[in-house]
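Participant: With the working numbering applied, the sequence shown closes on residue 126, and no number is skipped along the way. Where a beta carbon is used, it is the ideal one built from N, C-alpha and C, also for glycine. Structure below; questions to follow.
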Amino acid sequence: MVLVGIGVVFREYVREVLVRTLKPGDIVVADNLSAHKDAQARALIKQSGATNWSLPAYSPDLNPIEQMWSKVKALLRGLKARTEEALYKGLAQALDSVTPEDALGWFRACGYLPAQ
Numbered sequence: 011m012v013l014v015g016i017g018v019v020f021r022e023y024v025r026e027v028l029v030r031t032l033k034p035g036d037i038v039v040a041d042n043l044s045a046h047k048d049a050q051a052r053a054l055i056k057q058s059g060a061t062n063w064s065l066p067a068y069s070p071d072l073n074p075i076e077q078m079w080s081k082v083k084a085l086l087r088g089l090k091a092r093t094e095e096a097l098y099k100g101l102a103q104a105l106d107s108v109t110p111e112d113a114l115g116w117f118r119a120c121g122y123l124p125a126q
């Protein structure tokens with residue numbers, strides 16, 4: 011059995027899958043996983059014409075999904091679902107209430123998109 015590190019696996023994913031889908035001007039956003047900092051993988055992305063962006067250390071203030079969950083949880087609390095069935099229906103309703111405009115606003119609020 012041959013064991014390979016996660017950096018090697020990520021690099022091969024970038025080489026064999028990701029760069030085939032990238033075009034100049036694309037942006038690849040990576041978190042702080044050590045494999046995402048692999049110099050060869052980052053060079054492959056750059057060679058494709060795409061740009062590497064690294065997220066800062068985790069901060070809920072910079073994560074749009076935290077704002078989405080805040081909206082969903084507030085709606086769920088308002089529904090006062092007290093059974094499993096009611097909870098599932100309420101969760102579906104709350105998730106359906108998330109709009110593309112919400113998502114754009116959250117990305118703007120987190121600084122990932124310019125203000126309008």
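If we call anything under 8 Å between Cβ atoms a contact, is Leu97 one with Val82?
Facilitator: Numbered from its first residue, the sequence shown carries residue 97 at position 87. Numbered from its first residue, the sequence shown carries residue 82 at position 72. Cβ distance not < 8 Å, so Leu97 and Val82 don't count as in contact.
Participant: For the putative contact between Val131 and Leu65, defined by C-beta atoms under 8 Å, what is the C-beta separation to the nearest angstrom?
Facilitator: With the chain running from 11 to 126 in the structure shown, residue 131 is simply not present.
Participant: Using DSSP's beta-bridge definition, name the partner residues of Asn62.
Facilitator: Residue numbering aside, residue 62 sits at position 52 when the sequence shown is read from its first letter. According to DSSP, Asn62 bridges with Val38.
Participant: Note down the Cα distance separating Trp63 from Ile37, rounded to an integer number of angstroms.
Facilitator: Your numbering for residue 63 matches position 53 in the sequence shown. Your numbering for residue 37 matches position 27 in the sequence shown. Computed Cα separation, rounded: 7 Å.
Participant: By alpha-carbon positions, which one of Leu89, Leu123, Ile55 ends up nearest to Leu32?
Facilitator: Walking along the sequence shown from the start, residue 32 turns up at place 22. Considering only alpha carbons, the answer is Ile55.
Participant: In whole angstroms, what separates the C-alpha of Arg30 from that of Val24?
Facilitator: Here residue 30 refers to the residue found at position 20 when the sequence shown is read from its first residue. Here residue 24 refers to the residue found at position 14 when the sequence shown is read from its first residue. Taking the straight line joining both Cα atoms gives about 8 Å.
Participant: State buried or exposed for Ala60, treating a residue as buried only when at least 16 other CB atoms are found within 10 Å of its CB.
Facilitator: Here the question's residue 60 lines up with position 50 in the sequence shown. Per the 10 Å Cβ criterion, buried.
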